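In UniProt numbering, the protein residues as written are 1 to 259.
Okay, structure coming up:
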């Protein structure tokens with residue numbers, strides 16, 4: 001696990017960034033609450049941050065206006081496969097950073113794809129827990145259709161209340177015979193089963209995910225009827241990422257992985 005601090009840049013972000021308009025990254029993303037978190041092309045060039053990359057916007061930064069790149073948030077080191085980066089500056093810590101909240105996110109190894117969670121106070125149960133994914137290099141429908149008749153396994157990782165549950169991991173199976181995605185990811189005490197999601201072109205959608213508190217029961221879910229939203233990435237759908245939303249946002253989960 002890697003901890004970094006988000007530098008105070010909001011004051012300088014009042015400047016208009018003409019260069020940001022030239023960014024060419026085509027980002028495909030989704031978020032469980034776009035009023036809290038949006039994913040887009042980064043347009044903040046200060047400190048460790050760079051414009052034109054996959055970025056995130058949260059309330060204190062100016063939701064939907066200013067995006068800081070994930071690579072910059074991870075510091076100067078190149079993002080490492082499956083390592084969860086925590087930017088943990090909740091209310092009550094360093095004054096300059098308290099407004100930004102807590103970020104827990106990871107990168108799909110070898111792909112420009114990120115997934116993670118955010119909350120203002122660091123508490124998944126506070127009501128603003130938001131999960132997301134986003135990246136470049138989304139697969140085309142034709143790339144996925146070329147896999148018709150095959151079944152492919154993906155090694156998948158995820159986060160959901162990372163502070164309490166740790167990193168989740170497991171296997172998803174894409175059955176391109178009947179265009180479904182199944183599987184689960186879990187840690188020692190938490191599990192999310194995505195049910196049977198549909199593969200529609202290069203996207204993933206489902207409505208019967210379940211979450212389990214394994215310290216209580218491995219068979220009785222604490223949340224059900226979860227909505228799955230995801231996307232394949234890569235020239236031949238070698239990677240995927242997505243989110244699972246439940247009626248109670250504390251169980252919401254973000255995931256990503258590759259073959």
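Note that the Cβ used here is the ideal one computed from N, Cα and C, for glycine as well. Model, not experiment: these values are computed from the prediction.
{"Check": "Chain-order list of residues whose beta-carbon lies under 6 Å from that of residue 182 (same chain, five-residue window excluded)", "Outcome": "173, 196"}
{"Check": "Cβ neighbours of residue 50 in the same chain (closer than 8 Å, five flanking residues each side left out)", "Outcome": "42, 69, 71, 72"}
{"Check": "Counted within 10 angstroms of its Cβ, other Cβ atoms place residue 209 as buried (16 or more) or exposed", "Outcome": "buried"}
{"Check": "Length of the line joining the Cα atoms of residue 187 and residue 223", "Outcome": "16 Å"}
{"Check": "Reduced DSSP category for residue 18 - H, G, I as helix; E, B as strand; rest coil", "Outcome": "Here residue 18 scores only 36 on pLDDT, less than 50, and its place in the model should not be relied on; the value that follows carries that caveat. Here residue 18 sits in helix by DSSP."}
{"Check": "Anticipated Cβ contact below 8 Å, residue 194 with residue 228, distance rounded", "Outcome": "5 Å"}
{"Check": "Check whether residue 30 and residue 132 have beta carbons under 8 Å apart", "Outcome": "yes"}
{"Check": "Cross-strand partners of residue 245 (DSSP beta bridge)", "Outcome": "227"}
{"Check": "Spatial neighbours of residue 74 in its chain, beta-carbon cut-off 6 Å, leaving aside the 5 residues before and after", "Outcome": "85"}
{"Check": "Residue(s) in a DSSP beta bridge with residue 132", "Outcome": "31, 116"}
{"Check": "Nearest to residue 130 (by Cα), restricted to the options 235, 37, 28", "Outcome": "37"}
{"Check": "Whether residue 211 touches residue 246 by CB criterion (8 Å)", "Outcome": "yes"}
{"Check": "Assumed close pair residue 259, residue 154 - CB separation to whole angstroms, cut-off 8 Å", "Outcome": "6 Å"}
{"Check": "Same chain, Cβ closer than 6 Å to residue 215, neighbours up to 5 away in sequence not counted", "Outcome": "189"}
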